[in-house]
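Report on the structure given below.
There are 2 protein chains.
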Amino acid sequence: MEFDLIEALRARTRVARGDVALGIGDDAALLEVPNGMQLVACTDTLVAGVHFVADTAPADLGWKSLAVNLSDLAAMGAEPAWALLAMTLPEADEAFVAGFGQGFAELAARHRVALVGGDTTEGPLTITVTALGMVPTGEALTRSGAHAGEAVFVTGALGDAAGALRFLRDSGIGIRDSDQHAASTCRSALFQRMLRPGPRVAAGLALRGLASACIDVSDGLLADLGHVCTASRVGAEVEIEALPVSEALRAAFDEASCRELALAGGDDYELCFTAPGESEAVIMATLAQAGCRATRIGRITAGSGIRVLDARGRALATPRKGWEHFSEARARRT
Amino acid sequence: MEFDLIEALRARTRVARGDVALGIGDDAALLEVPNGMQLVACTDTLVAGVHFVADTAPADLGWKSLAVNLSDLAAMGAEPAWALLAMTLPEADEAFVAGFGQGFAELAARHRVALVGGDTTEGPLTITVTALGMVPTGEALTRSGAHAGEAVFVTGALGDAAGALRFLRDSGIGIRDSDQHAASTCRSALFQRMLRPGPRVAAGLALRGLASACIDVSDGLLADLGHVCTASRVGAEVEIEALPVSEALRAAFDEASCRELALAGGDDYELCFTAPGESEAVIMATLAQAGCRATRIGRITAGSGIRVLDARGRALATPRKGWEHFSEARARRT
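Here the protein sequences come in this chain order: A and B. In terms of this note's numbering, the first sequence has 240 at position 240, counting the first letter as 1, and numbering is strictly consecutive. In terms of this note's numbering, the second sequence has 175 at position 175, counting the first letter as 1, and numbering is strictly consecutive.
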């Protein structure tokens, strides 16, 4: 790289933390983990054309590259602290880096995350963020603690990001065009959720001691609740009519599409968690204090697999579980 | 990805560590940093065609992707503990992952590094490793501690990896061809250094309390010693005849080329460090116990910049400081 991109980002992402003994600028960062806390570490990569469409604004990409990692920390009930950024760019593009840094810094400041290291390399556009956080020893939320008989909850609303992606794919226009020409209120809301997902950090912290298992919804509810079931060796039933769907999604799609998007669409970064049903009132009140609402959507069962039930309790055929790759949208557009 | 590559790697890289409370398989890893230790964190990316030639064996790539990060930890005097791996692959290639995992695991086992998390994505071949280690609080080696009057040292030998790269570039053949057809002993040694660099972990640990500043030689001696000078606000003089050069490099190149490769060639992953000259005997003895030799190559001066001196103490014109990008070798071959 012709100029030091990480240095440029460092200037934009200055977050003062007393636990950073040495930040960007040496061979490695030196960080302080207080006694009684466990370190929580995760890494996620975004690849152009796979995880985001090619004309995504750099600021949105900066935000999202951190958001997807903070979402993983949130799912553990961890408090985010530090991040490392590995950025591969086709060329040293100062405007790109400035925009990226702005979006990254905006979210980092919101959660007091210090950028403590990174690497910039030349190559196809790929962003890998490693996020580090902390949780009191033994208090982390995991995927493996769900028990038969417990209730299943999800924060916020599901399907918005997948709805935005489907709109892009079906309309054949780009994100920037859609901003300018098709910015009905509902679509704006969906795009906002796709481009600037808000990791449920406060909710994750609030759920410590309350949730028995937790995961973030990145691949889609069915897939991610499936991970909880596998790790916990249980099954689950989901009531399709209970799934929380936003007004924006309802305004943009018919009911069948809304349900499919809520069940299988990924990229929402809500938390799906389990807890004894009798905790519901406490959970709702605690989450409300954290600025988050949640919905009870089903129950954990003995056995394995997920059944989706209609209003009369009949099992429905479930749509494919996977996540709609951005590459599909891209393939249609090129 | 069609199958879970990280799971496949996990099976190959099982290192038992009591400080991994939760490893691969949840939203994030849970790790224990003992009281009195600082966490040391770094990340480095390898891009196909930039940091390694396209026909590099997967096992070599696995080794090197971890080695370059352990080298950064070594330069801090840190003991490596954990790694996260973000791997972007054009397709879910089981043979590639098996080979990569073997090389990665070989080096990880040597240094008791546990792979605790990762992400696999589809896209152009790019590998980002985040390495985490520990150092007793306040004992880390940094770039900023050098003082005028101190001596400059370097471990091992310089220029071998750059020599291998130059051979590839000049001969126009690939790595695998060179293995088979041109494997003279000296060239094998150079290729080994390029493909399987040995991070100086033991030397880094041994230098705690002895070195005043330290860096690993990844971009080339002039560039990396330059980083120490900048961070420490000092200059340096390097005696060209003192530079340690391997027998293998001497056998393959003339003296002028050897010197240029030793001064400016990158990718050797030796440690360059500073210390009071009177510590030399203690340092050499301590490093010898750690299985490493070092050479005194110059001194830190007041002021700024690096002067390279010949046997008579005259300043020489220095070659370009940068690192020879693999992309040059590739460009010549395609």
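Glycine included, each C-beta is placed from N, C-alpha and C at the ideal position.
Please report the distance separating the alpha-carbon of residue i from that of residue j.
i: A/A288; j: A/G198; result: 16 Å
i: B/G204; j: B/L210; result: 10 Å
i: B/A54; j: B/G123; result: 15 Å
i: B/A206; j: A/L46; result: 39 Å
i: B/A182; j: B/A59; result: In this prediction, B/A182 has a pLDDT of 49, which is less than 50 and means its spatial position is unreliable; nothing more can be read from the coordinates.
i: A/T126; j: A/F104; result: 15 Å
i: B/R332; j: A/A189; result: Since pLDDT at B/R332 reaches only 34, below the 50 mark, its modelled position is unreliable, and no value is offered.
i: A/S257; j: A/R296; result: 21 Å
i: A/V68; j: B/G291; result: 43 Å
i: B/G133; j: A/G117; result: 14 Å
i: A/I24; j: B/A108; result: 25 Å
i: A/E241; j: A/V40; result: 35 Å
i: B/T88; j: A/E237; result: 35 Å
i: A/A48; j: B/T121; result: 11 Å
i: B/Q102; j: B/G62; result: 7 Å
So, does the CB of residue i fall closer than 8 Å to a CB anywhere in chain A?
i: B/R14; result: no
i: B/P124; result: yes
i: B/R17; result: no
i: B/I215; result: yes
i: B/V47; result: yes
i: B/T274; result: no
i: B/Q38; result: yes
i: B/L143; result: A small fix is needed here, since residue 143 of chain B is Arg in this sequence, not Leu. With 8 Å as the cut-off, B/R143 counts as an interface residue toward chain A.
i: B/V50; result: yes
i: B/L132; result: yes
i: B/A28; result: yes
i: B/T88; result: yes
For chain B, is any of its Cβ atoms less than 8 Å away from the one on residue i?
i: A/D219; result: no
i: A/G118; result: yes
i: A/T56; result: no
i: A/L84; result: yes
i: A/A21; result: yes
i: A/L31; result: yes
i: A/V245; result: no
i: A/C42; result: yes
i: A/V152; result: no
i: A/A140; result: yes
i: A/T318; result: no
i: A/M76; result: yes
i: A/L210; result: no
i: A/D72; result: yes
i: A/D93; result: no
i: A/T121; result: yes
i: A/T295; result: no
So, with DSSP's three-state summary, where would you put residue i?
i: A/F52; result: strand
i: A/H181; result: Low per-residue confidence applies at A/H181: pLDDT is 46, beneath 50, and the placement is therefore not dependable enough to give any value.
i: A/L210; result: coil
i: A/P58; result: helix
i: A/T230; result: helix
i: B/R193; result: helix
i: A/R307; result: strand
i: A/L243; result: coil
i: B/E270; result: coil
i: A/A16; result: coil
i: B/L249; result: helix
i: A/L9; result: helix
i: B/D219; result: coil
i: B/L22; result: strand
i: A/A317; result: coil
i: A/G235; result: strand
Counting along the chain, where does the alpha helix (DSSP H) carrying residue i start and finish?
i: B/I283; result: 280-289
i: B/L261; result: 255-264
i: A/D170; result: 160-171
Which two residues bound the contiguous beta strand (DSSP E) that contains residue i?
i: B/V47; result: 37-47
i: B/C214; result: 213-216
i: A/G118; result: 114-122
i: A/R296; result: 294-301
i: B/A105; result: Counting along the chain, B/A105 falls outside any beta strand (DSSP E), though it belongs to the alpha helix (DSSP H) covering 94-110.
i: A/M134; result: 126-136
i: A/P34; result: That residue, A/P34, is in no beta strand (DSSP E); it is neither H nor E in DSSP.
i: B/E79; result: 79-89
i: A/A151; result: 151-155
State yes or no: is the C-beta of residue i nearer than 7 Å to some heavy atom of the ligand NAD?
i: B/L168; result: This structure simply doesn't include the ligand NAD, nor any ligand for that matter.
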